[in-house]
Amino acid sequence: MSALAASNEVVTKALLRQVNVPGLDRPAALITLDNGFDHTKPNSFGPGGLTSLDEAITAALAANPAFIAVTGKPYIFCVGADLTSLPQLADRDQALEVGRLGHRVFARLKDSEVPTFAFVNGAAMGGGLELALHCHYRTLSAGATALALPEVSLGLVPGWGGTQLLPNLIGIPAATQVIIQNPLMQNKMLKPKQAAEMGIADVLLEPADFLERSLEWAAGVVSGEVTVTRPEVDRDMWAGVLYFARQTLDQRLHGAVPAAYKALDLLETAKDADFATGTAAEDEALADLVFSEELRSGLYAFDLVQRRAKRPAGAPDKGLARPVTKVGIVGAGLMASQLALLFARRLQVPVVMTDLDQARVDKGVGYVHAQIEKAVSKGRMDKGTAAKLYGLVSGSVDKGVFADADFVIEAVFEDLKVKKQVWAELEKIVKPEAVLATNTSSLSITAMAEELEHPERVVGFHFFNPVAVLPLLEIVRGERTDDATLATAFAVGKQLKKSSVLVSDAPAFVVNRLLTRFLGTVFAAVDQGTPLDVANRALDPLGLPMRPLALLQLVGPAVAYHVGGTLHAAFPDRFAVSENLKRIADSGQPIVVDDQINDEVAKLLVVGDQPLTEEQVRQNALDALAQEIRLMLDEGVVAEAQDIDLCMILGAGWPFHLGGVTPYLDRTGTSEQVTGQRFLPRGVASLPA
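Numbers 1 to 689, taken from UniProt numbering, label the letters of the sequence shown in order.
Below you can see the structure in the form of structure tokens.
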């Protein structure tokens with residue numbers, strides 16, 4: 001492991017101290033994981049960190065403690081393996097050695113004759129959660145922000161015992177959810193309460209005095225005053241659950257994510273194999289996956305989401321941002337109401353909505369109140385917070401309420417004349433430095449602002465639906481948008497906990513432009529005579545979150561037709577207007593029902609006699625994406641290909657194993673075939689040459 005050991009590992013040290021615990025006749029050994037940085041740089045395990053833990057366990061055992069406990073620095077337990085070291089592995093033998101080292105060190109806690117405890121005080125992911133699973137008992141802080149085994153989302157499997165320990169602790173249905181389902185759902189995290197209910201933790205404790213209560217509880221276990229009971233795992237359902245899970249993967253991914261299938265195989269092994277056999281299988285699976293293109297794309301995507309998303313390329317100096325003490329929202333429809341709730345929750349400032357009549361205003365405010373009530377009833381919000389939010393959100397038919405607003409966003413009908421009229425009226429009301437933001441999905445920011453006295457304060461602020469779920473925010477700079485406006489927009493985006501990407505004022509910006517080109521190419525095949533079900537299956541080998549026609553239905557045929565028209569006006573040679581799409585929109589018929597093509601929709605179509613195969617539809621779609629991305633980069637729509645990928649991951653849910661989109665286009669040779677060059681140098685999101 002010399003290559004890995006020589007890497008720039010930030011070593012997480014295992015700091016050992018003896019702790020006197022009331023009720024016990026000798027001290028306990030407390031090992032605290034700490035890499036020397038604050039919570040913004042979490043603990044992780046490379047060879048140096050594993051060696052430090054190994055030494056700490058040896059020293060702890062030598063002191064004959066009442067028990068051994070492992071915890072983390074403030075807010076962080078451990079987030080797993082040091083992912084930056086994986087690309088430095090030279091060969092399969094080194095990959096095997098990484099797996100075996102982690103297994104050997106962690107197994108010392110599992111096999112210890114001295115009781116071992118994990119005090120999970122904060123984020124515990126991947127190898128960090130696997131470390132906790134090796135301990136005999138686990139306490140969990142109710143304030144832990146991230147609990148997961150996310151490896152499959154990256155193209156790996158839990159490789160330090162997770163696939164063997166977890167199903168035998170909490171049962172195969174819950175383990176399959178944590179190891180496979182959650183990572184493939186935008187890397188969904190477990191809440192502490194959920195993890196405790198599953199049985200991952202033995203007891204859930206409040207964060208304020210977590211360590212003290214954990215030591216007390218552990219002493220109770222050791223002395224026999226506390227009895228830990230765990231439900232027996234149902235082994236009869238094991239095969240059935242995995243059969244269903246495999247079918248679900250086939251339907252959704254069509255073999256596109258090798259790691260998910262490897263994880264299924266390992267979960268199957270966990271039913272009957274002894275622990276040594278199961279962990280040896282993990283080592284082999286890890287070694288196979290480390291040198292896969294999917295992993296390199298996954299690591300690239302992970303880096304984009306964790307790093308680039310937090311430092312938006314091209315964003316102006318944050319010191320230029322103006323304070324926002326009141327927000328105005330023009331409109332009270334569904335999108336506007338979602339925005340009102342988000343702004344009130346995150347900014348904690350007054351938010352006022354306006355609309356054409358009182359009935360619409362009341363409906364919008366009523367929606368916000370209903371969502372607050374729903375959050376309280378489900379235990380996601382306390383009554384004090386709810387009461388405050390009720391007071392922050394209001395509505396009016398008089399736009400004069402915007403006079404003292406610092407930030408006004410419109411969410412009205414997607415028509416340039418309507419939006420220009422809104423801003424012309426508002427400019428006479430709002431104060432000179434107020435930011436005017438538009439949630440347009442495709443219209444020109446520059447054109448929207450051109451007749452205003454202060455066009456420099458107009459900025460695009462494009463959310464994705466559902467607003468509360470999708471993390472992307474496209475911040476669009478018009479030709480005359482100034483730095484102070486842009487800096488304020490980025491500051492607000494950060495407060496809203498969105499990942500913001502700077503986009504130039506080009507038709508449909510990034511995500512909608514690419515999805516419209518992509519869907520347009522697929523639908524063009526339908527217009528040519530390709531059966532709907534053939535076109536719908538064509539992209540299955542990519543493992544996208546939705547098939548094309550299901551995505552089209554989610555967007556809405558009418559919306560897709562409208563955005564397509566905007567792009568056709570700008571780029572008529574690449575964006576066609578499909579009359580068949582208009583027929584579907586006018587009919588109001590769903591395209592897909594229960595993942596099946598609606599026969600009634602098929603009857604509406606007027607098509608040609610040149611059907612394509614699935615392979616032809618797929619390649620046409622990929623070629624179109626490659627061409628459009630190259631043109632967007634040449635036009636300067638975003639700074640780099642990495643921003644395209646970040647937008648597709650966070651705004652369209654495109655998976656990590658594709659790296660967003662450009663790594664896959666590079667991997668398949670499509671980029672060079674269509675544009676004559678790769679989007680990314682070899683080794684950035686792929687195996688080195």
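Every residue, glycine too, gets a C-beta built ideally from N, C-alpha and C.
Using the rule of at least 16 other Cβ atoms within 10 Å of the residue's Cβ for burial, across every protein chain shown, is residue 162 buried or exposed? buried
Taking buried to mean at least 16 other C-beta atoms within 10 Å of its own C-beta, is residue 458 buried or exposed? buried
Extent of the continuous beta strand (DSSP E) to which residue 697 belongs: No statement about residue 697 is possible, as the shown extent of the chain runs from 1 to 689 and does not include it.
Is residue 137 helix, strand or coil when you go by DSSP? strand
Measure the alpha-carbon distance for residue 749 versus residue 652 and round it to whole angstroms. Outside the modelled stretch of the chain, which goes from 1 to 689, sits residue 749, for which no answer is possible.
When the Cα atoms are used, what is the spatial distance from residue 408 to residue 352? 9 Å
Is the Cβ-Cβ distance between residue 180 and residue 263 less than 8 Å? yes
In chain order, each alpha helix (DSSP H) run of at least 4 residues that lies wholly inside the stretch 580-615: 599-604
Tell me whether the beta-carbon of residue 364 lies closer than 8 Å to the beta-carbon of residue 336. yes
Going by other Cβ atoms of all chains shown within 10 Å of its Cβ, with 16 needed for buried, is residue 4 buried or exposed? Because residue 4 carries a pLDDT of 49, less than 50, the predicted location of this residue cannot be relied on, and no value is offered for it.
So the alpha helix (DSSP H) residue 278 belongs to, where does it begin and stop? 275-290
Please go through the stretch 328-404 and give each complete alpha helix (DSSP H) segment of 4 or more residues, from N-terminal end onward. 334-347, 358-377 and 383-392
Going by the DSSP bridge assignment, what does residue 18 pair with across the sheet? 29
Distance between beta carbons of residue 319 and residue 405, contact taken as under 8 Å: About 22 Å; that fails the 8 Å criterion.
So, for residue 400: in the same chain, excluding its five sequence neighbours on each side, which residues have a beta-carbon less than 7 Å away from its beta-carbon? 429
In angstroms with no decimal places, state the Cα-to-Cα distance between residue 72 and residue 467. 34 Å
At what residue ranges does the stretch 472-508 contain a whole run of the alpha helix (DSSP H), taking only runs of 4 or more? 483-495
Per the contact definition of three or more C-beta pairs closer than 8 Å, is the stretch 139-154 in contact with the stretch 98-115? no
What is the residue span of the beta strand (DSSP E) that residue 409 lies within? 407-410
In chain order, what residues of the same chain lie with their CB nearer than 6 Å to the CB of residue 449, ignoring the 5 residues before and after it? 455, 458 and 478
Residues in the same chain with beta-carbon distance under 8 Å from residue 604, minus the five sequence neighbours each way, listed in chain order, please. 580, 583, 584, 587 and 589
Does the stretch 418-434 come close enough to the stretch 372-381 to have 3 or more Cβ pairs within less than 8 Å? no
What are the boundary residues of the beta strand (DSSP E) that includes residue 125? 123-125
According to the Cβ coordinates, are residue 304 and residue 649 closer than 8 Å? yes
Would you kindly check if the distance between the Cβ of residue 241 and the Cβ of residue 176 is under 8 Å? yes
Residue 656 in three-state terms, based on DSSP: helix
Taking the CB atoms as reference points, tell me whether residue 682 and residue 689 lie closer together than 8 Å. yes
Delimiting residues of the beta strand (DSSP E) encompassing residue 67: Looking at the DSSP string, residue 67 is not in any beta strand (DSSP E), and its letter there is neither H nor E.
Can you tell me which of 258, 612 and 229 puts its alpha carbon nearest to the alpha carbon of residue 538? 612
Continuous alpha helix (DSSP H) assignments of at least 4 residues falling wholly in the stretch 657-684: 662-667 and 670-675
8 Å Cβ cutoff met for residue 643 and residue 313: yes
Could you pull the DSSP bridge partners for residue 435 from this structure? 407
Please state whether the Cβ-Cβ distance between residue 625 and residue 297 is less than 8 Å. no
Would you grab the beta carbon distance between residue 686 and residue 293 for me? Rounded to a whole angstrom, and I think it's under 8 Å. 6 Å
Applying the 10 Å Cβ sphere with the 16-neighbour rule, what's the burial state of residue 499? buried
Please name the residue, chosen from 109, 403, 443 and 431, that lies closest to residue 420 on a Cα-to-Cα basis. 443
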